[in-house]
Amino acid sequence: MHEQTEVLVVGGGPVGATAAALLARQGHEVIVLERERFPRYHIGESLLPSLLPVLDVLGAREVVERQGFVRKSGAFYGWGGQEWSLGFDEPGRPAAYSFQVIRSQFDQLLLNHARSRGADVREGARAGRVTFAASAASSVSAESAESAESAVSAESAEGSGALRAAEASWTQNGTANSITFHHMVDASGRAGLLAARQLQIRRVHDVFRNVAVWGYWRGAAPLAVAPSGAIGVFSLPDHGWLWAIPLHDGTLSVGLVTDKRSFARSRQARKGSLQAVYDEAIGRCPLLSGLLAQAEQTSRLRTESDYSYVSEAFCGPGWFAAGDAACFLDPLLSTGVHLAMYSGLLAAASISSVLEGEVTERAARAFYQTAYRHAYERLLILVSAFYRIHEGRDAYFRTAQKLSRHDQARLRLHESFLNIITGVEDLHDSQTDVVDVFLHRLRRTANGRPPHGLAGHGTSDLLPLPVTPDRAAAGLYLSLTPHPRLRHAPSSA
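Right under this line is the structure:
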């Protein structure tokens, strides 16, 4: 079978659902291929307040509000021998709260929202090789891994009868399909359909080669010293840190993050027991172990390696890589879903502006590459700076979380810190470690906020949407109404 569409989105997670909903709402033809069937499990449960404006643009905030997720009004840090709380209701924050979400539910809400806006969402559909014509991505092979009966089961999506019938005709077991498109959004996650598998342009950073181990508890005591619904983040005396995230089903997500070497050494000392490594780490954190004293672990442990990586290019002729398909960052500051939906918004605005003839594809790609890469680099350096505040760690762990000279040489540091808190001149003229300069700036108290951690600087300070001419990227800025589009910034001449 051969099909055509204006936009193909590979992946139905938050980034793919965001891009698909925004484009379909404007009347563009959008097909979404999602290899799994929702709901499906995913980690990444703590969201940032900077995500709420994106939900507003998407028109999905009310949908998320109705689900009853825990409202996250701040964060608590027991880090490097200090304890402090961060409230999201401080002046200048993008919103007074965010959410702690069960990702299977949150992701399904967004995917169903994309359906309701007119996107043709096909679950159980696996994208294959992308074909290039005249150097531009132009088509993809795809096939279903499921039978037609499974594809239209009651647990599948809430589309119209006609949409379900169309999905059934396409998803015959083993049926191959070829889809031609004008633009593709690669939202395939860490699998990286284009950047990792086909173009092989992914590069792993030297830092954050860590391991995460987590499980779920029931009956935990509340973190009384923290704002309502807050995430708890606790550094360990030597190797790594722990998270505690309250969820609306009454469970507490509790995870350990440590470097690979320390993890392997600890596991070997405990005869390979993952549970023993996890339990011992919790036992070294009195505040967290106190919360869990009367609680019961109700799930098996899960584990994942949290490598930090970036693609050499985030886009090319005919394609945009978004979310984890383009780059991945250590989970310390809960930036994953924000970067995913932020890049989905940027990709949708870029593609719609090209389809409407308002900007050239070359100009849209330059904007996307610049805006998205700068957002990633800002957070990369912020996470590295936060790790370095943690005193009392052993020398190896401290070094393992520090951006290497090799990493720094590849970052566009001067560009990435335009319009944010650090001094551009300091970075441009510095003959020393530019991240040291940035860390020094971050430790200065900002806007009268409490002098803890990064001196009151939150991620919202480093994630300004390019929505005004003075924040333009590659000569373009983002207009959000009535639909996300790119606009030319006035000439500075």
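So in my numbering, spot 204 of the sequence shown is number 215, and the numbers just go up one at a time. C-beta atoms are modelled at their ideal positions from N, C-alpha and C, and glycine is treated no differently. Small disclaimer: the values here were computed from a predicted structure and weren't measured.
Tell me the rounded alpha-carbon separation between ILE362 and HIS385. Between the alpha carbons of ILE362 and HIS385 lies a distance of about 19 Å.
Am I right that PRO495 and LEU487 are in contact with their C-beta atoms under 8 Å? What's the rounded C-beta distance? Contact doesn't hold; Cβ gap of about 12 Å is too wide.
GLY226 versus ARG208, ALA207, LEU263, GLN209, residue with shortest Cα-Cα distance: Per the C-alpha coordinates, the member of ARG208, ALA207, LEU263, GLN209 positioned closest to GLY226 is LEU263.
State the DSSP-derived secondary structure class of PHE331, mapped to helix, strand or coil. Reduced to three states, the DSSP call for PHE331 is strand.
For SER316, which residues in the same chain have their Cβ closer than 8 Å to its Cβ, ignoring the five residues on either side in sequence? ARG220, ASN221, VAL222, ALA223, LYS271
Can you tell me where the alpha helix (DSSP H) holding THR29 begins and where it ends? 25-36
Taking C-beta to C-beta, are ALA292 and LEU247 nearer than 8 Å? yes
TYR52 versus VAL75 - alpha carbon distance: 17 Å
From VAL321 to GLY283, what distance separates their C-alpha atoms? 32 Å
Once the 5 residues before and after ALA483 are set aside, which same chain residues still bring their CB inside 7 Å of it? PRO477, ALA500
On the DSSP letters alone, give me the boundaries of the beta strand (DSSP E) that ALA86 sits inside. For ALA86, the enclosing beta strand (DSSP E) starts and ends at 85-90.
Kindly identify the DSSP beta-bridge partner or partners of TYR320. VAL215, PHE339
CA-CA distance, GLY98 and SER239? 9 Å
Count the other C-beta atoms from every protein chain shown that fall within 10 angstroms of the C-beta of ILE190, then say buried if there are 16 or more, exposed otherwise. buried
Which of the three DSSP states, helix, strand or coil, is assigned to PHE80? coil
CB of ALA505 within 8 Å of CB of GLY334, strictly: This structure leaves residue 505 out entirely; the chain is present only between 12 and 504.
Nearest candidate by alpha-carbon position, reference PRO212, set LEU33, VAL65, LEU497, CYS326: A quick correction: the sequence has Ile, not Pro, at residue 212. That would be CYS326, whose Cα lies nearest to the Cα of ILE212.
So, does the region 295-313 touch the region 253-269, judging by three or more C-beta pairs under 8 Å? yes
Thinking C-beta only, is VAL365 closer than 8 Å to ALA375? It is a contact, given that the beta carbons lie within the stated cut-off.
Does the beta-carbon of ARG373 have 16 or more other beta-carbons within 10 angstroms, so that it is buried, or is it exposed? exposed
With DSSP as the reference, label HIS259 as helix, strand or coil. coil
Whole angstroms are fine: how far does the CA of ALA138 sit from the CA of LEU69? 25 Å
Bounding residues of the beta strand (DSSP E) (the contiguous stretch that carries VAL222): 221-229
Residue range of the unbroken beta strand (DSSP E) whose run includes LEU44: 41-45
Segment contact, 8 Å Cβ cut-off, at least three pairs: the region 75-94 with the region 18-36: no
Nearest candidate by alpha-carbon position, reference LEU122, set ALA32, GLU40, THR479: ALA32
Got a sec? Which residues, its chain only, sit under 6 Å from GLY24 by beta carbon, not counting five neighbours each side? These residues qualify, in order along the chain: ASP118.
So the beta strand (DSSP E) TYR488 belongs to, where does it begin and stop? 487-490
With the cut-off set at 8 Å, would you say MET352 and VAL26 are in Cβ contact? yes
Under the DSSP definition of a beta bridge, which residues are partnered with HIS250? Its beta-bridge partners do not exist; DSSP assigns none.
By a C-beta neighbour count over all protein chains shown, 10 Å radius and 16 as the cutoff for buried, is GLN305 buried or exposed? exposed
Taking only three categories from DSSP, how would you classify GLY403? Reliability of the predicted coordinates at GLY403 is poor, the pLDDT of 47 falling under 50, and no value is obtained from them.
Following the continuous alpha helix (DSSP H) through GLY505, name the residue where it begins and the one where it ends. Beyond the ends of the chain as shown, which are 12 and 504, falls residue 505; an answer cannot be given.
Tell me which residues share the same chain as CYS338 and place their Cβ nearer than 6 Å to its Cβ, disregarding the 5 neighbours each side in the sequence. VAL321, TYR387
For GLN412, which option in THR381, ALA324, SER273 has the closest C-alpha, if you only look at C-alpha atoms? SER273
From the DSSP output, in three-state form, read off LEU414 for me. coil
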